[in-house]
Amino acid sequence: MSTFRSDPLDELVIPDGIHVEEHDLVTDGDVIIGSQTSVGFGVRAANVIAGERVAFGGHIEAEGDCRLDMWCEVADNVLVGEDAYLGERVQIGGGLRVAGDLDIGDDVEIEEGFDANGRIIIRDPMPTIVFLFMYLSQLLRIGEEEAAEQLVASLVDDEHGQKPVLIPKGSRVSDDAWQVSTPGRIGDGCRLHGNIRAESLVVGRDNEIFGSLRAREGITVGARTEITGNVTTREGTVRIGPEAVIRGDVSGEYVEVHHDATVDGGIRATEETSMVSENVIEDSVVPDPDTATEENEPLGPEPAESSD
């Protein structure tokens, strides 16, 4: 059974296998973006859902549906394999091509015109994020917690079992930096460019990140992950897993480094530095709520071995 959370956009979630390729974020799953967020690159995904005032610096390619709420801006083309929903005052710098139906609000600007093979309905669709949370609040108000949990599960797991990319409200995401004011989780086997800033960070295994990690409350880096940059936290603990490679400095209040990890720069701790032999990650960083993870490494370190 999944852990119930009333707000599925209260953290940055990058699921397993996400790559940023030639200025595009590419995933077989969905991308869900909170309002007032800037996405500096293009997006290729199964479905794309964006809240109000989201700005895309590239194109959008959605194999399924694409829903852009009011005042969204897209610098290039929008290609949609199924249906598209555009709120009022959406601006698209290229063309819009929709294989299915188009539901479009007032004062939408599409610089290079649009083409829809299905029905075209001109109205003001309710913003997707607003609708989802109004529905969720109503379910909770009438005591339908099981139905509310199923709704949240549907947001965080698509029909193919691929977890969506979740970008919280007010984020700034680009090739140079990923800046969020919430906790962040990065799964396994990802390849990302840019410095990552979050309230706290857990980075899974076998990742390549070309940039620094900075968090206020703590950072965990899983086995065999390579970070080309510094790993820094103002408070809490930095944990570096086995065979991880940090091509920069590591600093925090407490620092725990696995014996088999490599840190090319300096290690600085305001309180204590420890060398540990335990794995630093137990469960999947972006877990499948319906699948046990007995074969995964341990999530929080067991008591550390101190070394002077």
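Numbering-wise (the UniProt record's numbering), the sequence shown opens with residue 1 and increments by one.
Note that the Cβ used here is the ideal one computed from N, Cα and C, for glycine as well.
For Arg172, the beta-bridge partners assigned by DSSP are Ser38 and Gln179. Pairing Val80 with Asp65 gives a Cβ-Cβ distance under 9 Å. Put simply, of Leu166, Asp249 and Met275 the residue whose alpha carbon is nearest the alpha carbon of His258 is Met275.
The alpha-carbon separation between Ala75 and Glu199 amounts to approximately 29 Å.
For Asp264, the closest C-alpha among the options Glu272, Glu61, Pro183 and Gly248 is that of Gly248. In this structure, Val280 sits away from Ala269, with a CB-CB distance that is not shorter than 9 Å. Check the Cα spacing between Glu271 and each of Glu243, Val238 and Ala244: the tightest is with Val238. The alpha-carbon of Ile49 is positioned some 20 Å away from that of Gly17. Of Ser38, Arg197 and Val13, the smallest CA-CA separation from Ser181 is found for Arg197.
About 5 Å separates the Cβ atoms of Gly87 and Gly105, confirming a contact at the 8 Å cut-off. For the alpha helix (DSSP H) assignment, the segment 53 to 100 encloses no uninterrupted run of at least 4 residues. Glu61 is classed as buried because its beta carbon has at least 16 other beta carbons within 10 Å across all chains shown. Taking the CA atoms as reference points, Tyr85 sits about 19 Å from Gly58.
Looking at the backbone, the Cα of Asn195 and that of Val221 are separated by about 15 Å.
Per DSSP, reduced to three states, the secondary structure at Glu235 is coil, with no helix or strand assignment. Just so you know, the alpha carbons of Val165 and Arg89 end up roughly 25 Å apart. Within the same chain, and ignoring the five residues on either side of Gly93 in sequence, the residues whose Cβ sits closer than 7 Å to its Cβ are Val74, Ala75, Asp76 and Glu111.
Under DSSP, Glu272 takes part in a beta bridge, and its partners are Tyr254. One alpha carbon belongs to His19, the other to Leu68, and they sit about 23 Å apart.
A Cβ-Cβ contact shorter than 9 Å links Thr225 with Val203. By alpha-carbon distance to Ile14, the top candidate from Val78, Val173 and His23 is Val173. The alpha-carbon of Ile209 is positioned some 11 Å away from that of Trp178.
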